[in-house]
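In this note's numbering, the protein residues as written are 3 to 204.
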DNA sequence: AGTTCGATATTG
DNA sequence: AATATCGAACTA
């Protein structure tokens, strides 16, 4: 049954704002590396101007409109991949962006993929996380409900921090970013750069 | 500041 | 159809 907070399927089928914080501490395993999630962001599909799915399904966002528990991977900036866990019932396009995590398995493989970096930086940031796990567009649509994603115990509410999402140009300023307080692997990325990309005329 | 490619928007 | 623009980042 959806609504259960003790099974992966139940959590993912529920409201994305409940699923997102519940995924903190969960472990995602892929291709020899496992990452314990420490930072995520919720995207509420058709109701969320910040979501890729806001304007309805496209070839790229199709996966988000499918059943929960699948992986939505997109390619951006001509070089990076980012991964989301699809949430909500089939037909609903909400998803949770995986922003950062701690490598808990396959450290050597992750180091190889990421190059020389402190261990805490291996999966610190959504594109780095994908790189460490070896995720790319071929993994778009991957079913995570058969062992790839394992829920942890519900995180202590006192340790879950919230704040505005990173890097969005136009979206309601909702605190839909969730992270585990005091985790060194949480991205320190500061998005608050004022938008000043206009071409200057005179 | 530069990278570098796909999706989306705009134009012919 | 062709072209223009910019992005749920990261490295230097």
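Heads up, the beta-carbon is just placed ideally off N, CA and C, and yes, glycines get one too.
Can at least three beta-carbon pairs, one atom from the region 111-121 and one from the region 54-68, be found at a separation below 8 Å?
In this structure the region 111-121 does not touch the region 54-68; the number of beta carbon pairs closer than 8 Å is below three.
Once you ignore the five residues that flank residue 177 on each side, which residues in its own chain have a CB closer than 8 Å to its CB?
Once the five neighbours on either side are set aside, the close Cβ partners of residue 177 are 164, 165 and 166.
By alpha-carbon positions, which one of 98, 185 and 171 ends up nearest to residue 74?
Nearest option by C-alpha distance: 98.
Nearest-angstrom Cα separation, counted from residue 119 out to residue 10
Distance between the alpha carbons of residue 10 and residue 119: 32 Å.
Let me confirm a value: residue 185 is counted as buried when at least 16 other C-beta atoms fall within 10 Å, else exposed. Which label applies?
It is buried - the Cβ of residue 185 has at least 16 other Cβ atoms within 10 Å.
Considering only the beta carbon of each residue, do residue 30 and residue 157 sit closer than 8 Å?
Note that the C-beta distance between residue 30 and residue 157 is not below 8 Å.
How long is the line joining the alpha carbons of residue 32 and residue 85, rounded to whole angstroms?
Rounded to the nearest angstrom, the two C-alpha atoms are 12 Å apart.
In the DSSP assignment, find the beta strand (DSSP E) that holds residue 42 and state where it starts and stops.
35-46 is the extent of the beta strand (DSSP E) around residue 42.
In whole angstroms, what separates the C-alpha of residue 196 from that of residue 102?
In this prediction, residue 196 has a pLDDT of 42, which is less than 50 and means its spatial position is unreliable; what the coordinates show is noted afterwards. Between residue 196 and residue 102, the C-alpha separation is close to 24 Å.
8 Å contact criterion, which residue 88 and residue 68 should meet: CB distance rounded
Contact between residue 88 and residue 68 holds: their C-beta atoms lie close to 6 Å from each other, under 8 Å.
Whole-angstrom distance between residue 13 and residue 169, CA atom to CA atom:
Distance from the CA of residue 169 to the CA of residue 13, rounded to the nearest whole angstrom, comes to 26 Å.
Can you have a look at residue 16 and say buried or exposed, based on whether 16 or more other CB atoms are within 10 angstroms of its CB?
Burial is judged here by how many other beta carbons sit within 10 angstroms of a residue's own beta carbon; residue 16 has at least 16 and is buried.
Option in 161, 150 and 145 with minimal Cα separation from residue 70
Nearest of 161, 150 and 145 to residue 70, Cα basis: 145.
How is residue 86 classed by DSSP in three states: helix, strand or coil?
DSSP, reduced to helix, strand and coil, places residue 86 within a strand of the structure shown.
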